[in-house]
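**Q** First residue of the sequence shown: 0, per numbering that gives the first Met the number 0; consecutive thereafter. For every residue, glycine included, the Cβ atom is placed at its ideal position computed from N, Cα and C. All of these numbers come straight from a predicted model, not from anything done at the bench. Got a structure here, written out as structure tokens. Questions coming.
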Amino acid sequence: MNRPLDGKVMIVTGANSGIGEGIAREAAAQGAAVVIDWVTNGEATDKIVSDIAEAGGTASGFQADVSKVDQLAALIDFAVSDYGRLDVMVNNAGVEIGQTTADLTEDRYDFLMGINLKGAVFGTKLASDQMRKQGDGGVIINTSSVHEDWPMPSDLAYCVSKGGIRMLTRTAGVELGQYGIRVVGIGPGAIDTPINADDTPEETEALRRAIPLGYIGKPAEMGRVACFVASDAASYITATTIFADGGLMQKPGAV
Ligand SMILES: NC(=O)c1ccc[n+]([C@@H]2O[C@H](COP(=O)([O-])OP(=O)(O)OC[C@H]3O[C@@H](n4cnc5c(N)ncnc54)[C@H](O)[C@@H]3O)[C@@H](O)[C@H]2O)c1
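Shown next as structure tokens:
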């Protein structure tokens, strides 16, 4: 039986934990050959690669810091030399720093922007350069957030970076449509991943109660959204963001 991503080659950045891991595992289950980009914790990468192989899928790990353009270029070269092409680039790596306008420091701002925004901008540029060379389209997925629209008053730089992702997706989507390259943001709400590890149980419970569907989302649910966007079933979707937040954004002031 044909699977939606059979024959596709996908890179997922920041993919040995959380949402990136959810996307990588689901994409491999749907038939893609997946390159798992990572920066720390090589053992976690090895475990995901071996789980995928055991299930009959195809994956490999590659260490690259997305804030460095030469490392992003090496990541794409690795996928192309190992698997022959690149069909889907998922710019997923991201960090939070928890600094307000009052607290913000230059070094933490540069750190966050280098990963969250520069990494996604150059991931989009380099992946689309490769896809244009191939000449038969492609898909670029940017992991955004409800915070591309919705202020989070505890992390100014994070919201600025996700607002930037919103315009990256829209502008690159418009520029690249003529080549059959779709650029789509996925906008998670609150998802159970290490990025939220510092939340207190009280904060997590307040968040859960604010979500109309009544629970914190799972990485596997984001994996299914990303794989839908990557598949031909989403052939007419570009230059926009698909939110998956359990309804959270429709309750202004909920958290
Ligand atoms: N969890 C949520 O509630 C939530 C909500 C909305 C958006 N997001 C976004 O989802 C994405 C994934 O976050 P997550 O929640 O899975 O948390 P996570 O911490 O599990 O994932 C972030 C990943 O990025 C990697 N990373 C950090 N610096 C990197 C670098 N320089 N180069 C390459 N990789 C790097 C980390 O190692 C990690 O694997 C982020 O872009 C985040 O902003 C998360």
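Could you name the residues of the same chain whose beta carbon sits closer than 7 Å to that of D154, not counting the 5 residues immediately before and after it, in chain order?
**A** The answer, listed in chain order, is E95, I96, G97 and Q98.
**Q** Report the three-state DSSP secondary structure of I185 (helix, strand or coil).
**A** DSSP places I185 in strand when its eight states are reduced to three.
**Q** Report yes if the C-beta of W37 is less than 7 Å from at least one heavy atom of ligand 1; otherwise report no.
**A** It does: the Cβ of W37 is within 7 Å (strictly closer) of some heavy atom of ligand 1.
**Q** Identify which residue in G17, A28 and R107 has its Cα closest to the Cα of T44.
**A** Selected option, being the one with the closest Cα: G17.
**Q** In this structure, how does DSSP classify M248 when only helix, strand and coil are distinguished?
**A** Of the three classes helix, strand and coil, the one that applies to M248 here is helix, per DSSP.
**Q** Just how far apart, CA to CA, sit V182 and E174?
**A** Taking the straight line joining both Cα atoms gives about 10 Å.
**Q** Buried or exposed for R2, please, with buried defined as at least 16 other CB atoms from any protein chain shown within 10 angstroms of its CB.
**A** Exposed: under 16 other Cβ atoms inside 10 Å.
**Q** Tell me, please, which residues DSSP counts as bridged to S59.
**A** Its beta-bridge partners are V34.
**Q** By how many angstroms is the C-alpha of S80 removed from the C-alpha of G162?
**A** If you take the alpha carbons of G162 and S80, they lie about 34 Å apart.
**Q** For T123 and G134, what's the separation of their Cα atoms in angstroms?
**A** For T123 and G134, the distance between alpha carbons rounds to 16 Å.
**Q** Can you find a heavy atom of ligand 1 that lies under 7 Å from the Cβ of T192?
**A** Checking the Cβ of T192 against ligand 1 gives yes.
**Q** So which of Q249, I114, M130 and A196 has the shortest CA-CA distance to D64?
**A** It is I114.
**Q** I'd like to know whether the C-beta atoms of A31 and I47 end up nearer to each other than 8 Å.
**A** Contact: no.
**Q** Just to confirm, does T170 get its C-beta within under 7 Å of one of the non-hydrogen atoms of ligand 1?
**A** For ligand 1, not one heavy atom lies less than 7 Å from the Cβ of T170.
**Q** If you reduce the DSSP assignment to three classes, tell me which class A196 lands in.
**A** Three-state DSSP puts A196 in coil, outside helix and strand.
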